[in-house]
Structures are given as structure tokens and as C-alpha cells.
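For the sequence shown, counting from 1, position 87 maps to 76 in our numbering; every step adds exactly one.
Positions of the beta carbon are idealized from the N, C-alpha and C atoms, including for glycine.
This report concerns only the one structure given below.
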Amino acid sequence: MSDGTYTQAMQEALASNPSLAASLSDTGLAGQTDPATQAVAAAQYLKDAATTLQSSGISNPTALDARGYYNFGLKAGVQLAQSSDDTSMAEVLSNMSAAQLASNGITSGETVGEWKASVAAKMGSSANSPILT
């Protein structure tokens, strides 16, 4: 997570639950190396991704949908969540060059379904679990 994203997520988490600060070692950038503090920022970012995806038409965003948002941004994240499994990743991520796709681990001809299966295998059983329920 970038420093700016971490800082924003921590500020949002602490604004919604100020008592969190008492249980964290450091809520500034130095706290980013503490797993408990980083988990708070990550949870807030996941919540932000899910609510943004939901307001963009994804009725029940999953952890996998949020991962697409995290990896590729809002526009592509929404397109990825809405695309059928046989759609090519290159079509969904049309703003990215072949080299950029490759640097993100996406092979030539890879489909949305293949990408989702690969990422879900790394995420584990919670990949397809809804975030906001």
C-alpha cells in the first residue's frame, strides 16, 4: 500500500472509530510496519473499495472484486467485476499496454475467468465472500 493510500485509510478508520488509536503503536507512517496497524488501514481500504464498487453498480462486492479495484483502479475494477469470465483481460484493461499487462502477471489471451481463478487461489476461500454483509 502506498504511503498516501495508507495515510488516507488510517485517517478514515480513526475518524470512524477514534478509540482505535489507543490500541495501535503508531498511527503515522512509521506504524505501517506494524502488522496490527497495517491491518486497520487495509480493512478500511477494503471497505472503501467495496462501497465504491457498490455505488458503481456492483450490488454485492466480494474480496476478489475489491482486489481488482486495488490492482487496477475504480474504472477497470468495476469493468472487471461486471465482465463475463470469457472476456479477455486485455479488453477490460484496454488502457494498458502488453508490457504493462505482463508486468501485472497477465498473459497474452488471459481471460477474466482465468485471472479471477488465479487470484482467488492466492487469496483462499474468502475470495468470493461478500465484504459488506
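Which of the three DSSP states, helix, strand or coil, is assigned to Ser12? Locating residue 12 in the sequence shown gives position 23, where the first residue counts as 1. Helix at Ser12.
Alpha carbon of Ala38 to alpha carbon of Leu13, nearest angstrom: Locating residue 38 in the sequence shown gives position 49, counting from the first residue. Locating residue 13 in the sequence shown gives position 24, counting from the first residue. So the two alpha carbons sit approximately 23 Å from each other.
Can you tell me whether DSSP reads Thr41 as helix, strand or coil? Within the sequence shown, numbered from 1, the residue matching residue 41 stands at position 52. Helix, per DSSP.
Closest by C-alpha distance to Ser137, when choosing among Met(-1), Ala79 and Ala65: This structure leaves residue 137 out entirely; the chain is present only between -10 and 122.
Alpha helix (DSSP H) containing Ala92: first to last residue? By one-based count along the sequence shown, residue 92 stands at place 103. Here residue 92 is Ser; the residue named in the question, Ala, does not match the sequence. Residue range Ala87 to Ser92 is occupied by the alpha helix (DSSP H) that includes Ser92.
What do you reckon, are the CB atoms on Ile120 and Leu9 nearer than 8 Å? The sequence position of residue 120 within the sequence shown is 131, counting from 1. The sequence position of residue 9 within the sequence shown is 20, counting from 1. Not closer than 8 Å, so no.
Are there three or more Cβ pairs, one per stretch, closer than 8 Å when the segment 18 to 32 is compared with the segment 41 to 53? no
Gly57, enclosing alpha helix (DSSP H) - first and last residue: By one-based count along the sequence shown, residue 57 stands at place 68. Per DSSP, Gly57 belongs to the alpha helix (DSSP H) from Ala52 to Phe61.
Contact set for Gln(-3): own chain, Cβ-Cβ below 8 Å, skip 5 residues either direction: Counting from one through the sequence shown, the residue named residue -3 turns up at place 8. Taken in chain order, the list of residues that qualify is empty.
If you drop the 5 nearest sequence neighbours on each side, which residues of the same chain put their C-beta closer than 8 Å to that of Gln71? Here residue 71 refers to the residue found at position 82 when the sequence shown is read from its first residue. Once the five neighbours on either side are set aside, the close Cβ partners of Gln71 are Gly46 and Ile47.
Cβ-heavy atom distance between Ala11 and the ligand ADP below 7 Å? For the structure depicted, the ligand ADP is absent and the ligand set is empty, with no information on it obtainable.
Leaving out five residues on either side along the sequence, give the residues of the same chain with a beta carbon under 6 Å from the beta carbon of Glu124. As displayed, the chain neither begins before -10 nor continues past 122, which places residue 124 out of reach and without an answer.
Proximity winner among Gly66, Phe61 and Asn6, relative to Gln89 (alpha-carbon distances): Locating residue 89 in the sequence shown gives position 100, counting from the first residue. Selected option, being the one with the closest Cα: Phe61.
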